[in-house]
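Below is one structure; the comments refer to it alone.
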DNA sequence: GGACTTACTTTTGGCGCGAAACAATTGCTG
DNA sequence: CAGCAATTGTTTCGCGCCAAAAGTAAGTCC
């Protein structure tokens, strides 16, 4: 498979900072860039010239819309040519592979999913290779592949431990590179989502930023100084040990009153079933709680209070500028957002800065997109760290 | 008062980074500096030369001790001339002013305390002015003054709110500068201690570092990327809103089960008195607990569990490389350190990196020293931020 | 149309850095 | 003890990157 890999031009540190700033913060004039990067106007002419010549940036028409018709020579904003390169992102679940093609800006331009009928590493890599082959036909200039997996990933290449795939130390990046000839980055799915939001989403340009995901499990990501902090217990069930309420419910999966017991979808379903004898989907439970049915109300309320307590604790200790709440379980906010807010308030000083809490519903393609962003980062930052 | 203020030589960014590295990390050879700062050997000759000529650095004899007698030309370590400048640090309490004179390395070379008989801002400033006048006689080349106050301080100059002094918006820095002619930095005492430990203490060279103080109140300091994070509720009783154990004791001062109720010295004394009818000092209570007296054991044990829970939560969310436990209440660790450790373990993932917990007993002179370090930082970093 | 304002470009000079050759100072080896 | 290897530090040189300043471009305002 010989994809059209025109090599990314080698960038000087100055050029790279310009490229990233434009990539992340949209069209910007040279003057604006000079202000943001603390450089002189002259330097910007120098730095942008080769970037424009190489086709990475273009001058875009002012569009007249945002122009407030102020006097003086109008600025000519620069923007990245978003579709000059394409990226592939995969999210592997137990029974499906979700794939997306994105632009350099991480906008999704195509989706392609496939059921996963085997967990054999080589066969999974085969599936990914085939999906890549199909996608590359419509999207040449593919620059890299990112893969998100639930589980513990080492060195952005090896799946050290994945409970649902039953993998240990599988060199997935290598396997897929062999089949595609493209650079591959493998990362824990939550970590990938965090990095993605740091560049292109809720955490854009923030210094301290937290991502909390609730769904089948609990996910936590910490970004400090624009970089994600890696930690040992990452995606190894740490939520079972976050004791939020010592008097909370006891479930088969987590310790009494743990974040997992209180907040994850399987455990909320377990609690409701144990109390009412009827098994229902998460959405049905939320609807029942909204309708006022006693047991679901109690369980959902307890979950909401737990979430608020967690958010408050994180705010108290980390003091992030923003907390992003993501995952399949965020529907909780719609039904019991008020309770969450109350719990946050109860665990926080009245004078403390209000918690900026953003909610984002995310489906599997968002997870795949997060993985694609990792590939973008690796390319733009030059393979080094990210 | 005309102190011998030879001006600190203006430093280029490169020179400043060398000066700080040597100041903070002790004697270092040029080669070692080159390695740490990522510069070439040639650059280090260039950068160190003016620093040596200005008298800020000196070549020190190898001392032969650490020399492992390896072959090659022996290195000539550079060190700061610690007593080339002196600094003054004050800690103001309700009824005393504690003062220290330190070297550039923040080593205390003199102490001088005085009772405080008034809380009138001008008179307090007079006291500080007089103490400065006395100290400057024996310690010329005084370069700056740092003042630590319990309470909320704005812009490192104005005491916005101090409960025990009953001050509001007192421009203390200005008042003391008028009387001494020296640059003055005012800061919250916990914040000063945190900055001090970041440069010269437990947090030296760390990227993520937390200071937790227990004593009359609760103090919290967060250092990320080598810089302290400021927050609005700083020293405004936030500990009353950290609910550690919803079933914890209720005290007059804090909300039920709050860190303040469980951990501060006055509240521990209150609890023991309420249960036994006898008022005892903190030390007596700790001793009684160590001796096995039931009620003190219960209260101390609960406090230790609360402390462990807090430490675990901080570790889980912030993932600091180290947590420093300071203040007058750290005696708790001697009596119930085991219980604290157990509580940490109970609230943390088994695979998580072990918490590096350091305990430091600190008296009032340590707080004053912390304030002096702020003056050092301002001088070395060039009055800008710190 | 001229004055003014803002955006960008070109030119120039300097600073800071690394590369590389060189000097200094020791241990090791025969 | 002479010569060699190893390591630190110095000097010289040239390049890259940047800011400052002067010049050009392109619009608004009166």
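Protein chains in written order, with our numbering: chain A, -7 to 378; chain B, -7 to 378.
Idealized CB from N, CA, C, for every residue including glycine.
Everything numeric in this text was worked out from a predicted model, so none of it was measured.
Using CA atoms only, rank isn't needed, just tell me which of the options is closest to residue i.
{"i": "residue 287 of chain A", "options": "A/77, A/265, A/135", "result": "A/265"}
{"i": "residue 43 of chain B", "options": "B/53, B/9, B/128, B/62", "result": "B/9"}
{"i": "residue 256 of chain B", "options": "B/239, B/268, B/277, B/269", "result": "B/277"}
{"i": "residue 328 of chain A", "options": "A/355, A/346, A/280, A/72", "result": "A/280"}
{"i": "residue 192 of chain B", "options": "B/69, B/18, B/7", "result": "B/18"}
{"i": "residue 208 of chain A", "options": "A/335, A/241, A/228, A/200", "result": "A/228"}
{"i": "residue 99 of chain A", "options": "A/205, A/67, A/76", "result": "A/76"}
{"i": "residue 252 of chain A", "options": "A/273, A/284, A/292, A/210", "result": "A/210"}
{"i": "residue 70 of chain A", "options": "A/95, A/21, A/134, A/282", "result": "A/21"}
{"i": "residue 295 of chain B", "options": "B/331, B/238, B/33, B/155", "result": "B/331"}
{"i": "residue 254 of chain A", "options": "A/231, A/358, A/348, A/224", "result": "A/231"}
{"i": "residue 198 of chain A", "options": "A/283, A/217, A/224", "result": "A/217"}
{"i": "residue 310 of chain B", "options": "A/213, A/129, A/39", "result": "A/213"}
{"i": "residue 74 of chain A", "options": "A/223, A/93, A/64", "result": "A/93"}
{"i": "residue 168 of chain B", "options": "B/349, B/291, B/124", "result": "B/124"}
{"i": "residue 380 of chain B", "options": "B/101, B/66, B/241", "result": "In the structure as shown, chain B starts at -7 and stops at 378, and residue 380 of chain B therefore has no counterpart that could be examined."}
{"i": "residue 365 of chain B", "options": "B/186, B/72, B/1, B/151", "result": "B/186"}
{"i": "residue 292 of chain A", "options": "A/273, A/324, A/307, A/13", "result": "A/324"}
{"i": "residue 1 of chain B", "options": "B/273, B/13, B/46, B/31", "result": "B/46"}
{"i": "residue 133 of chain B", "options": "B/173, B/107, B/156", "result": "B/173"}
{"i": "residue 223 of chain B", "options": "A/269, A/308, A/362, A/241", "result": "A/308"}
{"i": "residue 40 of chain A", "options": "A/242, A/131, A/7", "result": "A/7"}
Please state whether the Cβ-Cβ distance between residue i and residue j is less than 8 Å.
{"i": "residue 79 of chain B", "j": "residue 368 of chain B", "result": "yes"}
{"i": "residue 121 of chain B", "j": "residue 105 of chain B", "result": "no"}
{"i": "residue 380 of chain A", "j": "residue 352 of chain A", "result": "There is no way to answer for residue 380 of chain A, as the model of chain A reaches only from -7 to 378."}
{"i": "residue 339 of chain A", "j": "residue 260 of chain B", "result": "no"}
{"i": "residue 196 of chain B", "j": "residue 313 of chain B", "result": "no"}
{"i": "residue 335 of chain A", "j": "residue 304 of chain A", "result": "yes"}
{"i": "residue 25 of chain B", "j": "residue 36 of chain B", "result": "yes"}
{"i": "residue 356 of chain A", "j": "residue 85 of chain A", "result": "yes"}
{"i": "residue 89 of chain B", "j": "residue 128 of chain B", "result": "no"}
{"i": "residue 341 of chain A", "j": "residue 333 of chain B", "result": "no"}
{"i": "residue 67 of chain B", "j": "residue 109 of chain B", "result": "no"}
{"i": "residue 215 of chain A", "j": "residue 190 of chain A", "result": "yes"}
{"i": "residue 237 of chain B", "j": "residue 282 of chain B", "result": "no"}
{"i": "residue 14 of chain B", "j": "residue 72 of chain B", "result": "yes"}
{"i": "residue 38 of chain B", "j": "residue 117 of chain B", "result": "no"}
Applying the 10 Å Cβ sphere with the 16-neighbour rule, what's the burial state of residue i?
{"i": "residue 146 of chain B", "result": "exposed"}
{"i": "residue 3 of chain B", "result": "buried"}
{"i": "residue 27 of chain A", "result": "exposed"}
{"i": "residue 239 of chain A", "result": "exposed"}
{"i": "residue 300 of chain B", "result": "buried"}
{"i": "residue 344 of chain B", "result": "buried"}
{"i": "residue 263 of chain B", "result": "buried"}
{"i": "residue 384 of chain B", "result": "Given that chain B is displayed from residue -7 to residue 378, the structure contains no residue 384 of chain B and the question cannot be resolved."}
{"i": "residue 57 of chain A", "result": "Low confidence applies to residue 57 of chain A: its pLDDT is 46, below 50, so where it sits in the model is not reliable enough to give any reading."}
{"i": "residue 370 of chain B", "result": "buried"}
{"i": "residue 358 of chain B", "result": "buried"}
{"i": "residue 188 of chain A", "result": "buried"}
{"i": "residue 32 of chain B", "result": "exposed"}
{"i": "residue 205 of chain B", "result": "buried"}
{"i": "residue 53 of chain A", "result": "exposed"}
(message) For the pair the segment 97 to 113 of chain A and the segment 158 to 171 of chain A, tell me if three or more CB-CB distances fall below 8 Å.
(response) yes
(request) Could you run through the segment 159 to 191 of chain A and flag, in chain order, every residue whose CB is less than 8 Å away from some CB of chain B? (result) none
(message) By the 8 Å beta-carbon criterion, what residues does the segment 227 to 244 of chain A contribute toward chain B?
(response) 228, 229, 230, 232, 233, 234, 235, 237, 238, 239
(message) Any C-beta of chain B within less than 7 Å: which residues of the segment 309 to 321 of chain A qualify?
(response) 309, 310, 311
(message) I want to know whether the segment 240 to 249 of chain B touches the segment 313 to 330 of chain B - three or more CB-CB distances under 8 Å.
(response) no
(request) Tell me, please, whether the segment 172 to 186 of chain B touches the segment 131 to 144 of chain B by the rule of three or more beta-carbon pairs shorter than 8 Å. (result) With a cut-off of 8 Å, the segment 131 to 144 of chain B and the segment 172 to 186 of chain B count as touching, because enough Cβ pairs lie within range.
(request) Mind checking the segment 344 to 378 of chain B against chain A and listing, in chain order, the residues whose C-beta falls within less than 8 Å of any C-beta there? (result) 344, 345
(message) What are the residues in the segment 319 to 341 of chain A lying within 8 Å of chain B by C-beta distance?
(response) Of all residues in the segment 319 to 341 of chain A, only 338, 339, 340, 341 place a beta-carbon less than 8 Å from a beta-carbon of chain B.
(request) With 7 Å as the C-beta to C-beta threshold (strictly closer), list the residues of the segment 269 to 303 of chain B near chain A in chain order. (result) Correct list: empty, as no residue qualifies.
(request) Please name the residues in the segment 133 to 147 of chain A whose beta-carbon is closer than 7 Å to at least one beta-carbon of chain B, in chain order. (result) none
(request) Compile a chain-ordered list of the residues in the segment 202 to 217 of chain A whose CB is closer than 9 Å to at least one CB of chain B. (result) 202, 212, 214, 216, 217
(request) Mind checking the segment 7 to 20 of chain B against chain A and listing, in chain order, the residues whose C-beta falls within less than 7 Å of any C-beta there? (result) Answer in chain order: no residues at all.
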